[in-house]
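Chains as they are written, first to last, in this note's numbering: chain A, 171 to 590; chain B, 394 to 659.
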């Protein structure tokens with residue numbers, strides 16, 4: 171049976187080791203293109219992260235916090251009405267039920283424990299929508315550590331409630347006025363902070379991006395998602411492997427965590443969904459695999475949206491968590507090899523999918539995983555196939571956008587429930 | 394002989410290198426500023442290639458780059474602005490920028506254009522030693538273009554020696570862990586300069602990041618061969634209507650009236 175699986179071309183593709191090599195590369199992508207000023211910080215991290223992560227004391231503390239503080243394992247919910255609609259057994263991995271409302275906290279819990287073992291006393295982070303900033307501020311409050319979050323001035327205005335949350339948690343939120351004043355500039359500013367505070371500071375990067383070892387480090391912390399999926403599926407279906415895994419991709423941390431333990435199992439089809447914004451070629455999108463070319467961003471060689479002259483362009487998506495102009499180097503390698511397929515969902519498709527899930531299952535998703543849900547209609551499933559969609563976050567933060575875009579039909583229904 | 398080597402053969406103290414951003418303050422000021430620097434007595438120039446995401450630069454240089462980009466600056470345009478520069482410019486010219494625009498141009502075509510234009514060296518802060526040795530060293534050597542490496546107070550002695558073997562022209566000492574333009578207590582830097590100077594390296598030492606005036610320049614040059622000034626010069630250009638005059642005023646402010654810039658001054 172095993173050798174008769176679909177996606178033959180994948181098993182024939184050149185074998186790539188999906189673990190980073192010694193220089194931090196996944197195939198052609200990754201590396202550590204950093205100024206010498208960052209060399210000591212990054213080298214210390216590179217030399218020590220594996221032994222710290224493999225230490226049993228660390229693992230025990232990490233697992234304990236994920237269980238008791240984050241609320242893991244997150245449920246794997248079989249969405250029956252959604253399944254009926256799309257003709258497959260569709261399961262939702264409920265990362266939206268984590269403390270702080272998204273998968274981001276898996277990484278920040280891991281990294282703050284790592285930072286403590288490195289003897290760091292000060293934490294910095296970048297944030298776009300504010301979810302990673304909130305998750306970082308949360309663990310800093312928990313561990314009583316100083317926390318500085320860099321956030322584009324434009325994003326601060328758009329995401330005021332998350333700014334208030336971070337400040338309530340004790341973080342200092344620094345508005346970034348350089349460049350386009352959004353996520354990529356916030357990341358630049360966090361890197362500059364790290365250059366200026368090399369000894370006492372750890373930079374908690376929020377996705378599988380940045381110089382080696384960050385992409386690997388963050389993927390390992392997020393891999394708790396696929397580890398749990400395996401156990402939960404085995405329990406529920408008698409088989410640890412699904413047929414399909416679907417997750418949204420900005421930088422790609424929830425997708426990396428969802429794919430992680432299945433990377434070497436070719437029968438599991440991996441689908442990442444990027445933000446097409448107002449349309450892939452509209453000039454307002456974040457579809458890095460379609461529009462990107464290999465280049466260097468934030469210390470990593472990856473697929474990246476840029477001008478012919480090599481200036482990094484500003485992405486757009488209705489979802490602030492997906493508008494990053496590149497993707498993590500692991501995803502660039504998965505895309506290049508064909509091991510994973512990357513699709514694109516527009517703002518309108520994501521909104522439609524969010525409203526659909528809300529009405530079919532009583533779950534209001536964040537706009538980011540709504541992009542993943544939006545592509546269920548584009549995939550052809552066999553009725554007994556098992557599909558797992560990573561529901562990476564909850565929709566509370568997006569309520570304003572949802573209310574603004576509520577379809578007329580839903581408005582009427584909700585106002586006059588009794589009318590025929 | 395590479396012009397950088399020639400410079401340090403003729404002059405091994407108080408070497409003044411000046412950084413400015415190409416296409417700034419106005420798009421076509423690049424050559425004007427370059428010429429002004431030579432005339433005023435700068436020994437070496439670093440022409441900045443603007444980049445959208447300059448992670449190792451402070452706000453002043455970032456802003457100058459953003460402005461140059463918004464005025465239409467590109468790497469191709471820079472090469473054409475400098476096309477005939479060797480008719481009048483004798484001092485060594487380095488291009489300084491980030492790796493991505495260079496990679497999009499193509500490393501080999503980039504280096505060939507450098508040779509055609511009369512560029513002597515390149516500084517790429519986000520190209521680390523390891524990647525250079527594996528991927529690019531041969532290309533640089535084939536074209537005879539120097540890549541200048543940076544070291545910091547935290548760079549280990551073994552790594553400094555490896556950089557000394559790989560670098561071309563000189564070693565670029567950056568001040569304590571700071572993005573450009575951060576003002577630091579220079580006094581605290583001198584023990585670091587001395588420590589590196591005592592290692593008996595094969596290349597001259599030039600220090601940058603945070604040096605702003607004549608006093609800093611002279612003090613620093615007691616410890617090392619030369620100094621790079623960037624942020625303070627960009628600030629001087631930014632408020633000026635006349636870049637050539639601003640350049641002359643700024644450089645004479647650094648070198649001082651009683652200190653001619655050695656045998657090379659006009």
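Heads up, the beta-carbon is just placed ideally off N, CA and C, and yes, glycines get one too.
Query, Result
"Residues within the region 356–369 of chain A neighbouring chain B, beta-carbon criterion of under 7 Å", "358, 361, 362, 365, 366, 368"
"Helix, strand or coil at residue 653/B [DSSP, three-state]", "Here residue 653/B scores only 47 on pLDDT, less than 50, and its place in the model should not be relied on; the value that follows carries that caveat. Coil at residue 653/B, not helix or strand."
"Counterpart residues of residue 264/A in DSSP-defined beta bridges", "561/A"
"Chain D within 7 Å of residue 206/A, Cβ atoms only", "The chain labelled as chain D is not found among the protein chains of the depicted structure, namely A and B."
"CB of residue 504/B within 7 Å of CB of residue 487/B, strictly", "no"
"Chain A residues whose Cβ lies nearer than 9 Å to that of residue 544/B", "206"
"Proximity below 7 Å, CB of residue 374/A to CB of residue 306/A", "yes"
"Chain A contact for residue 421/B (CB, 7 Å cutoff)", "no"
"Selected residue, minimal CA-CA separation from residue 562/A, among 195/A, 204/A, 272/A", "272/A"
"Contacts of residue 444/B in chain A (Cβ-Cβ under 9 Å)", "480, 481, 482"
"Per DSSP, the bridge partner or partners of residue 319/A", "295/A, 343/A"
"Where residue 475/B meets chain A, residues with beta-carbon distance less than 7 Å", "Chain A residues near residue 475/B: none, gap ~16 Å exceeds 7 Å."
"Reference residue 382/A, options 202/A, 576/A, 574/A, 353/A, closest by Cα", "202/A"
"Under 7 Å between C-beta atoms of residue 461/B and residue 498/B", "no"
"Of the listed residues 189/A, 251/A, 467/A, 397/A, nearest to residue 496/A (C-alpha basis)", "467/A"
"Interface partners of residue 567/B on chain A, CB under 9 Å", "205, 206, 207"
"Through-space distance from residue 414/A to residue 556/A, alpha-carbon basis", "6 Å"
"Where the beta strand (DSSP E) through residue 248/A begins and ends", "246–248"
"Cβ-based neighbour list, residue 319/A, same chain, cut-off 6 Å, excluding 5 preceding and 5 following", "295, 297, 303, 336, 341, 343"
"C-beta atoms of residue 444/A and residue 512/A nearer than 7 Å", "yes"
"Burial state of residue 331/A, where buried means 16 or more other Cβ atoms lie within 10 Å", "exposed"
"Spatial neighbours of residue 540/A in its chain, beta-carbon cut-off 6 Å, leaving aside the 5 residues before and after", "520, 523, 524"
"Chain B within 7 Å of residue 465/A, Cβ atoms only", "yes"
"Runs of alpha helix (DSSP H) wholly within the region 395–482 of chain A (minimum 4 residues, chain order)", "423–429, 458–461"
"Beta-carbon proximity of residue 557/B to residue 616/B, cut-off 7 Å", "no"
"Unbroken stretches of the beta strand (DSSP E), 3 residues or longer, contained in the region 418–490 of chain B", "437–441, 486–489"
"Cutoff 7 Å: residue 448/B Cβ touching any chain A Cβ", "yes"
"Run of the beta strand (DSSP E) containing residue 622/B, from where it starts to where it stops", "619–622"
"Span separating the alpha-carbon of residue 635/B from that of residue 526/B", "43 Å"
"Distance CB(residue 457/B)-CB(residue 619/B) smaller than 7 Å", "no"
"Counterpart residues of residue 372/A in DSSP-defined beta bridges", "293/A"
"Cβ neighbours of residue 542/B in the same chain (closer than 7 Å, five flanking residues each side left out)", "522, 556, 559, 560, 564, 565"
"Whole-Å CB distance - residue 647/B paired with residue 454/B, under 8 Å assumed", "No, residue 647/B and residue 454/B are not in contact; Cβ-Cβ is about 18 Å, not under 8 Å."
"Extent of the continuous beta strand (DSSP E) to which residue 525/B belongs", "Unbroken run through residue 525/B: none, as it is neither H nor E."
"CB of residue 450/A within 7 Å of CB of residue 456/A, strictly", "no"
"Where residue 331/A sits in the DSSP three-state scheme", "helix"
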